[in-house]
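What follows is a set of notes on a single structure, which appears directly below.
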Amino acid sequence: MQLVPISLPGKQSLNRPADGVMGCGVMSSSSPRFLHDLGFAEVEAALQADGVRAHHAKALWRAIQREGALDLAARDFSPPLQRWVAARVGEGREFCLDAPDLVREIHSGDGLTRKFLLRQRDGQETETVLMGYDGRHTACVSSQAGCAMGCVFCATGQMGFARHLRPGEIVAQVLYARRVLMATQAGRRLRNLVLMGMGEPLHNYDAVMHALDIISDVRGIGIGPSRISISTVGVVPGILRLAEEGRPYRLAVSLHGSTEEERSALVPASKKWPLAELIAACREYGRITGKRIFFEWTLIAGKNDSPDTARRLAELLRGIDSHVNLIPLNPTSGFDGRAADPGPGREFQRILLAAGFPCTFRQRRGIDVAAGCGQLKAEKVRRPAQAAEA
Ligand code: SF4
Numbered sequence: 000m001q002l003v004p005i006s007l008p009g010k011q012s013l014n015r016p017a018d019g020v021m022g023c024g025v026m027s028s029s030s031p032r033f034l035h036d037l038g039f040a041e042v043e044a045a046l047q048a049d050g051v052r053a054h055h056a057k058a059l060w061r062a063i064q065r066e067g068a069l070d071l072a073a074r075d076f077s078p079p080l081q082r083w084v085a086a087r088v089g090e091g092r093e094f095c096l097d098a099p100d101l102v103r104e105i106h107s108g109d110g111l112t113r114k115f116l117l118r119q120r121d122g123q124e125t126e127t128v129l130m131g132y133d134g135r136h137t138a139c140v141s142s143q144a145g146c147a148m149g150c151v152f153c154a155t156g157q158m159g160f161a162r163h164l165r166p167g168e169i170v171a172q173v174l175y176a177r178r179v180l181m182a183t184q185a186g187r188r189l190r191n192l193v194l195m196g197m198g199e200p201l202h203n204y205d206a207v208m209h210a211l212d213i214i215s216d217v218r219g220i221g222i223g224p225s226r227i228s229i230s231t232v233g234v235v236p237g238i239l240r241l242a243e244e245g246r247p248y249r250l251a252v253s254l255h256g257s258t259e260e261e262r263s264a265l266v267p268a269s270k271k272w273p274l275a276e277l278i279a280a281c282r283e284y285g286r287i288t289g290k291r292i293f294f295e296w297t298l299i300a301g302k303n304d305s306p307d308t309a310r311r312l313a314e315l316l317r318g319i320d321s322h323v324n325l326i327p328l329n330p331t332s333g334f335d336g337r338a339a340d341p342g343p344g345r346e347f348q349r350i351l352l353a354a355g356f357p358c359t360f361r362q363r364r365g366i367d368v369a370a371g372c373g374q375l376k377a378e379k380v381r382r383p384a385q386a387a388e389a
């Protein structure tokens, strides 16, 4: 798979659906539309366009977005809505639903993490994770199939970019995780959402924001905006746009390096959006929104875990309301680095705490289930290759 050049994400270019994925996987101006792509007002408009009164949208939206229905024909809707569904929804009709197929599922040894490899209609496979700890359940979803950012330690980055996901494909992952949660732990609610799966969310800005509008709508899934985190590797125009638009979500920025050289060796996107520019954008984001930024730091032995690096990081973040999350490296086959040892890791944390920054270690939720994004897919690709070599 080829790496796709990162185009500067202007307002129009961020979420252009990839060729061949419009409608039900068929590229055509008259292709069907996906109901999961539609916000509440768009569902109302679709019904009204066919002469069905707007108030029927509530029942349709509830079935799709709250109850996660996959077979609308079997629902006990009012007669006008039943007729609309029969005429308009299904293969070969104007509308259809996103229902990704499960390719593979694995669980962590402690049973708290479940990871799903899901196949989209065009065959692209993406990962979704359901994590349960401290009585809270969090879904981690993908925003793209593959990723163009190429972070050297990341299994998804090692694959390259395939395409952006549509809003409905992002929404459908949350609904999938919620269905699993309801089936396995009835009564538990999915409370949190993180966009830390495959892909760079701010490289697919419009689709991601539309998906989050749908996911946070209290008439549907209803995850509160303050419980939704967007993780970016540092797409500067996207960070500024989040601030300008007053988006209410939490922002996490992956730094991984305290100098331009250190960072761009791990994060090639740093060549496009240099560290100084990124930090300036974070300052501006903080100034406009007044919100704290979570800085993610993957600790890699000998690369970015020294006391000097920790001191430079503290200097860099001075004046920004920051929380630093330290993440031990998840090993991947395409990168020969290893996780920082506990001693240097603790010293790194001590320096940041002493400089006044909240700094925590991210729990390793399911290192034994290929916890890093893209690892389950990479493993699936590698296995047949290994079998062929044997
Ligand atoms: S870490 Fe995130 S941004 Fe970097 S390559 Fe992986 S998925 Fe993309």
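Note that numbering that gives the first Met the number 0 gives residue 185 to position 186 of the sequence shown, counting from 1, and the numbers run on in steps of one.
Ideal placement from N, C-alpha and C gives every residue a C-beta, glycine not left out.
L298 is the residue among L298, G342, F33 whose C-alpha sits nearest the C-alpha of L254. Sequence-distant Cβ neighbours of C139 in its own chain, meaning closer than 6 Å and more than five residues away, are V128, V193, M195, G196.
The DSSP-derived three-state label of L312 is helix.
Counting every other CB atom within 10 Å of its CB across the protein chains shown gives K376 a total of 16 or more, marking it as buried. Beta-bridge annotation (DSSP): A144 is paired with R162. In the DSSP assignment, no residue is bridged to C372.
When the beta-carbon positions are compared, E259 and P273 come within less than 8 Å of each other.
Taking 7 Å as the cut-off, one finds no heavy atom of ligand 1 near enough to the beta carbon of E124. Secondary structure remark: continuous beta strand (DSSP E) runs of at least 3 residues inside the stretch 63-114, in chain order: 100-106. Cβ-Cβ distances below 7 Å link C358 to V323, L325, Q348, L351, L352 in the same chain, with the five nearest sequence neighbours on each side left out; the list follows chain order.
Shown here for R311: same chain residues with a beta carbon closer than 6 Å to its own, the five before and five after excluded, namely S257 in chain order.
About 7 Å separates the beta carbon of D49 from that of R87, a gap short enough to meet the 8 Å contact definition. Here H136 is buried, its C-beta having at least 16 other C-beta atoms within 10 Å. For M130, the uninterrupted beta strand (DSSP E) run begins and ends at 124-132, by DSSP. Counted as a single uninterrupted DSSP element, the stretch harbouring W60 is not any beta strand (DSSP E) but the alpha helix (DSSP H) occupying residues 56-60.
Collapsing the DSSP output to three states places S30 in coil.
For E295, the uninterrupted beta strand (DSSP E) segment begins and ends at 292-298. In this model, A73 and S230 are separated by some 38 Å (Cα to Cα). CA-to-CA, the gap between R178 and E261 works out to about 42 Å.
With 6 Å as the limit, the residues whose C-beta approaches a heavy atom of ligand 1 more closely than that are C146, M148, G149, C150, C153, T155, G156, M197, G198, E199, V232, C372, in chain order.
Counting only residues of its own chain and dropping the five nearest sequence neighbours on each side, H209 has a CB closer than 6 Å to the CB of P166. Here the C-alpha atom of S332 lies approximately 8 Å from the C-alpha atom of A154. CA-CA distance, I319 to L250, rounds to 13 Å. DSSP places A338 within a strand segment (E or B) once states are collapsed to three. Burial of Q143 is indicated by the presence of at least 16 other C-beta atoms within 10 angstroms of its C-beta.
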